[in-house]
Each structure stands twice: as structure tokens, then as C-alpha cells.
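In the order they appear, the protein sequences are chains A and B.
When the letters of the first sequence are read in order and numbered with numbering that gives the first Met the number 0, they come out as residues 0 to 497.
When the letters of the second sequence are read in order and numbered with numbering that gives the first Met the number 0, they come out as residues 0 to 94.
Structure first, commentary second.
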Amino acid sequence: MKELTDLTTREASSLLQRGVISSMELTKASLEIIERLEPSIHAFITLTTELALKQARAADLRLKQARQDKSIPLPPLLGIPIVVKDVLCLKGIRCTAGSRILDNFTAPYTASAVQQLLDAGVVILGKTNTDEFAMGSSTENSGFGATKNPWDINRVPGGSSGGSAAAVCARYASLGLGSDTGGSIRQPASFCGLTGLKVTYGRISRYGLIAYGSSLDTVGALARNADDLFLAFKGMAGYDPMDATSSAEPLGDLNLNEQIDIKGLRIGIPKEYFIAGVQAEVNQAVRAAITLLESQGAVVNEVSLPHTAEALPVYYLIAPAEASANLARFDGVRFGLRATQTSMIEMYKQTRGHGFGSEVKRRIMLGTYALSAGYYDAYYGQAQKVRTLIKRDFDAAFQAVDVIAAPVAPSTAFLFGEHTNDPLAMYLEDVFTLPANLAGIPGLAFPTGFDQNNLPIGMQLMGAPYSEGLLLKTCHAYQQMTEHHLKKPALSTLLSTR
Amino acid sequence: MELTPDIVKRIADLARLELTETEVELYCVQLSAILEYAARLQKIDTHEIPPTSSILPSHSLLREDDPVEGHNREEILKNAPAIKREQYQVPPILD
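This is how it looks when you write it as C-alpha cells:
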């Protein structure tokens, strides 16, 4: 049998339900690999070992009862260890959002998406590292130190869900929860060779997610294949009365176990995503994947999304504007850090000046500027109008095709410090992922090859609103024909680097 | 769009952020570069294009006004930097 930590969610679930393994064995195997690799990887901000053991014990009890009494339902995620990005609240556990301003914040309630998984019986191993308030593309902006990419620890794991990506990549768990506001699930999935889903805006409740850009934020997951990701998606999606923007749209009938036929699937290739400046190997690997899908009967056509180049400036006005409002709550009054208190205004300023890191301050400044009197129409207002044009581009494209295929990022994982002095260069990392957030559509990233440095290359499928099932099916069909998603970094070498 | 230190300081004041002189200088350069990049949006004709503030259709969501259990005050106050008589304590607001 495989090592317990190499099992997919589906495999582990089957073994758990048949009583071949216990959740306690699985959880202990995870905790052991974490202990050995975490000094090299640093995927966690907070480990929840005691909670995990308690949850594993409870899961085993539920599994035992269900084996004796067939009328008790067995959710597929019962007893499965997962990791949770530290922007999702878990009652009684510290939640930092990667910021020192929330160093001592204990979540007083649990995020709805997490609660749904807890009800299904998952085991939570810990809260994973993130760029501060999910603002970044490398996890270098975390107030708790950067996470390393298990494929090459001199490189970033991507961001902002870099902690969850590194954890799933390093076999700590088969599922990791993340959030995606501008690419924060898809880009780290790409950099770590994982499959990562950004859902349709509203598909998964945002209640209990620490807000960054409210009209763009989505909760999602990273896994090692589409089938596992589907289990996580199904476990979290649905209407939540606590989030007025959440959707009751049915999930549809999804069965990834059956043979999937992609004959006649219309794939669009947007010419604006295959441009100069993209690493040649990325371009080639994505093209090869599309050709493979075509050989299975998919119909490939070029499409145009004319306002693609505008997505970057639109995002970097709208997201910071929303962030500047959302982060106003961190003022030293109700939670988090408080600086010396000479006067109210001074307390606000010092608390925020000391508590926030430089990228967060930069975005608050940018957002405040874009919203300020005299500049509002030219920046924020104009960005909102161009956002309409970006959305219309996608609406038009999805009249002609079912999915759009593109690279996830212009390059594979970059080195630490490569972009830290030039924020604009760092923002360019998100050029292919931002449009889906602005249009509110789902995007799925998955590995389609490796470059000459043995770093994973990611491809992205985007679909019309609520088409997650189609994206997962298409990816599943691809993964049944290929082995890129099965490749594993040489983790044993990480032990010797300690 | 070249941001001067005065503009940066005014924005920081609006955002209630204390910045060091070094930060002011850095943000002058970096924010100017980002805004210059963003200026390309102004070339796009958006005459008669409505703004998108949310991709969801905008309509009011109504529900029955049923009382439900709220958060526990004690739990919530545990995260406060300073409390007095079950309330948040803050510095004097009036001089």
C-alpha cells in the first residue's frame, strides 16, 4: 500500500469507510510528516495538533458507528485531515490573516465553509500561512515569515494561499482551503503542481472569511487532483443565510467516477493570454494540453477577450479601494493590536502604522487615493466601468465556447526576493488570474508539465458562472490521460537541508 | 501622475496610517508608478457603460424578522485590547 500521506482524499476515504485505516492513523501520519518537514517548509502559522487528535478520535467513533448501523450517513470527508488558510475563522483558534495586527486574535466563531466541513467530519491540522490579508502573490508578505516551495525551497510557493499549497504539495494533507481574490488559489496551485479551484463569486459562503476585496473574494480549495477537489467543493458550496451574496444555484449532478466524454466540448483559446513575456515552456505545455484535449474530441477555437490588458489596472484600483474600507476595522478598539493611547486619532494611526506590513499599507494608500474626493471618478469610477467591459468580454466568449483555456501565470515559481522591490512587477504575476475575479466566473488551475528546472507549469480553465462541474470534469478527463498531477517533489532532500 | 510627499501624507492621514519619512518617500515613487500604469484606463471610452460594483444582480434580499441567538458578549470582548464594565475602553475623544 501507498504511504498514508500519499493517499488521495478519495483513496483515504474509501479505506476509512471500510475500516482498513483509522482517522487517528491518518492524522498521526500527517502530524509526523509535518514535524519532519515543517522546519524546511514553514506552511503553518498555527498548528492545531490537540484539536486534530480530538477530531480524529470523534471521526473514528462516527466511522465505527456507521459501520455497525448502515442507516448512519457516511460523508466522504469524514476523518480526512485538511489544512485551513489563516483567513478563515475557526472558533477558539487564533486567526491572524498573516498580519501582526491580529497576532493575538482568537476567532469567536467559525466560518460557514469550514463549519460545513467540520460537520462532515474533517480533521483540521492547522492554519496555514498567507500574504498579509491575502495581499500578495508569493507569501513573502506574511507577518510570520515566508513559506518555501517544496519543489525548490529557494523559490516561492506562490500566494496568497501559499501555506495551503505548500502543505498539500508536501503531503501534510490531501486538501487545503484557500481564498482567491485575484488568483490566490490558482497561482500557488500552479507553482506547487496542484489542482486549485476558484469558484463562481457567491458559490461558497464568505461568512467568517476575513475580508479583503468584498466584490472579488471567494473561498475555495487546493488538492492533488480534480476528484479530491470536487469533494471539497461539494462539501463547502451552497447558500448560507449569513452571507447575502451566497448562491443557492444547484450543484448539478457530478459523478467523476464514470468515464468522462469530452467529445464536442468547445474550448476557447484567448489570444490575449498567449503573448510575449510568457515563459516559452509555459506556453508550450498549455498548448500541448489543449492539443491532447482536442485529440479526445474537444473543439478548439480562438476567442478574443479584448479588455484583458485592462484587468490589471482595474483590479489594482478596485481591490485596494475595497480593502481600504474593509481594513478600517483594524483600529485598535475591538480586537487586535493597540498602540499607545495618547488620543483617539493617534491611537488609530500608530496601531495601523505599526500593525500593518508594507504591502497592506501600500494598498490601503492606493485605495484611499482612488476613492478620495477629486480622484474618485477618474480612478475608482472608471475602473468599475471598465470592469463591466471585462465582464461583457467573457459573456460574449461563452456564447461561442464552453471553457476558456489559458496559462495560470506568466512563469513558473520565482525566487525569493525576485519581485519584492518592485510592486508593479509583482502585480504582473496576477495578469492571467485577475480577470476571472473581476467577472465573477470560476477558474480551475492544474499542472500540465514541468520546466527545465523541474518546476510545475499550470494551466487554467475558466467557465461561465456556476460551471465548476464542467471545469472539474474536463480537468478530470485530462488527469486520467496524464501523470503530471501525480509527480511529487523529492521531499527526502528537504530533511537533509535542516 | 506624480505624487508629492504632501499628497502622500494627506492620503495617509485620511487612511489613519502613521508613516515614517522613509515610507512617505517610498510610497511617492511606488504609488506614482502604479497610478501611471492605471492611467491607461482613462483612454478607454466608457461613455454609457454602467459601473459594476458587484457581479450579482442587485436586488434587496428580504427575510422573516426572526430573532436568533447573537454572539456571546463575553467571548467577543475577550479579543478587546481594553475593556471596562463590559464595554470597549478607548482614549478620550474630546479634549
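The C-beta atom is built at its ideal place from N, Cα and C for all residues, glycine as well.
Which listed residue (the options) has its alpha carbon closest to that of residue i
i        : options                                   : result
A:Met241 : A:Asp216, A:Ser323, A:Ser111 and A:Arg362 : A:Ser111
A:Asp226 : A:Thr492, A:Thr7 and A:Thr26              : A:Thr7
B:Pro49  : A:Arg391, A:Leu469, A:Ile152 and A:Tyr465 : A:Arg391
A:Val122 : A:Ser137, A:Thr48, A:Asp216 and A:Pro156  : A:Thr48
A:Lys53  : A:Ile33, A:Gly78 and A:Thr146             : A:Gly78
A:Asp394 : A:Tyr238, A:Lys472, A:Val302 and A:Met458 : A:Val302
A:Arg513 : A:Glu428, A:Leu443 and A:Tyr314           : Shown here, chain A extends from 0 to 497; a query on residue 513 of chain A therefore has no answer.
B:Arg15  : A:Lys360, A:Ala377 and A:Cys474           : A:Lys360
A:Thr244 : B:Ala32, B:Pro66, B:Leu61 and B:Thr19     : B:Leu61
A:Ala57  : A:Pro107, A:Leu30 and A:Ser21             : A:Ser21
A:Leu458 : A:Tyr465, A:Ala377, A:Phe449 and A:Leu36  : Reading off the sequence shown, one finds Met at residue 458 of chain A, where the question assumed Leu. It is A:Phe449 whose Cα lies nearest to the Cα of A:Met458.
A:Phe334 : B:Gln88, B:Ile92 and B:Leu93              : B:Gln88
A:Leu50  : A:Lys63, A:Gly125 and A:Ala489            : A:Gly125
B:Asp5   : A:Tyr368, A:Gln451, A:Tyr379 and A:Ile440 : A:Tyr368
A:Arg154 : A:Leu116, A:Ile44, A:Ser39 and A:Gln381   : A:Ser39
A:Leu178 : A:Leu215, A:Phe104 and A:Pro149           : Correcting the residue identity first, residue 178 of chain A is Ser in this sequence and not Leu. Nearest option by C-alpha distance: A:Leu215.
A:Ala382 : A:Ile344, A:Pro319, A:Phe104 and A:Ser357 : A:Pro319
A:Ala405 : A:Ile456, A:Gly366 and A:Pro72            : A:Ile456
A:Arg328 : A:Gly162, A:His483 and A:Ile100           : A:Ile100
A:Ser498 : A:Leu76, A:Leu427 and A:Ser189            : The requested residue 498 of chain A does not occur in the structure, where chain A is confined to residues 0 to 497.
A:Asp401 : A:Ile266, A:Glu131 and A:Gln258           : A:Ile266
A:Thr26  : A:Arg17, A:Asp239, A:Asp59 and A:Leu36    : A:Asp59
One or two residues paired with residue i in a DSSP bridge
i        : result
A:Leu176 : A:Val83 and A:Ala220
A:Met458 : A:Pro406 and A:Phe445
A:Pro269 : A:Val302
A:Leu208 : A:Leu87
B:Ile82  : B:Tyr87
A:Thr105 : A:Arg93
B:Leu16  : In DSSP, B:Leu16 forms no bridge with anything.
A:Leu414 : A:Arg154
A:Ile203 : A:Ala236
Environment of residue i [buried if 16+ CB atoms lie within 10 Å]
i        : result
A:Lys513 : Given a span of 0 to 497 for chain A in the structure shown, any question on residue 513 of chain A remains unanswerable.
A:Thr496 : Note that A:Thr496 has pLDDT 47, beneath the 50 cutoff, so the model's placement of it is unreliable and no number is given.
A:Tyr347 : buried
A:Ser137 : buried
B:Glu28  : Sequence inspection shows Val at residue 28 of chain B; the Glu mentioned does not correspond to that position. Label assigned to B:Val28: exposed.
A:Arg185 : buried
A:Arg9   : buried
B:Thr3   : exposed
B:Pro80  : buried
A:Asp376 : exposed
A:Leu506 : Within the shown structure, residues of chain A are numbered from 0 to 497, placing residue 506 of chain A beyond reach of any answer.
A:Gly181 : buried
A:Ser342 : exposed
A:Leu494 : exposed
A:Met364 : buried
B:His46  : exposed
B:Gln41  : exposed
A:Gln115 : buried
A:Lys384 : buried
A:Asn148 : buried
A:Met0   : exposed
A:Asn452 : exposed
A:Lys197 : buried
A:Pro441 : buried
A:Thr290 : exposed
A:Met480 : exposed
Extent of the continuous beta strand (DSSP E) run through residue i
i        : result
A:Val122 : Val122 to Thr127
Continuous alpha helix (DSSP H) stretch holding residue i: start and end
i        : result
A:Phe397 : Gln381 to Ala399
A:Phe229 : Ala225 to Met235
A:Glu280 : Ala279 to Ser294
A:Pro422 : Pro422 to Tyr426
B:Glu35  : Glu20 to Ala37
A:Glu10  : Thr8 to Gln16
B:Pro4   : Pro4 to Leu13
B:Arg72  : Arg72 to Leu76
B:Gln128 : Nothing in the structure corresponds to residue 128 of chain B, since chain B is present only between 0 and 94.
A:Asp520 : This structure does not reach residue 520 of chain A, given that chain A is present from 0 up to 497, and the question cannot be answered.
A:Ala435 : Leu433 to Ala438
A:Leu471 : Glu467 to Met480
Members of the segment 9-21 of chain B that neighbour chain D once the beta carbon cut-off is set at 7 Å = Among the chains of the structure shown, chain D does not appear; the protein chains present are A and B.
inquiry  = Please give the ranges of any beta strand (DSSP E) in the segment 141-199 of chain A, keeping only runs that are unbroken, at least 3 residues long and fully inside the region.
reply    = For the segment 141-199 of chain A, the full-length beta strand (DSSP E) segments reaching 3 residues or more read 174-178 and 194-197 along the chain.
request  = Run through the segment 26-102 of chain A for me and flag every whole beta strand (DSSP E) of 3 or more residues, listed as ranges in chain order.
outcome  = 43-46 and 80-84
inquiry  = Threshold first: 4 residues or longer. Then list the alpha helix (DSSP H) segments lying entirely within the segment 316-377 of chain A, N to C.
reply    = 343-354 and 357-370
ask   = If you scan the segment 238-263 of chain A from start to end, which runs of the alpha helix (DSSP H) of 4 or more residues do you find wholly inside it?
value = Listed in chain order, nothing qualifies, since the segment 238-263 of chain A has no complete alpha helix (DSSP H) run of 4 or more residues.
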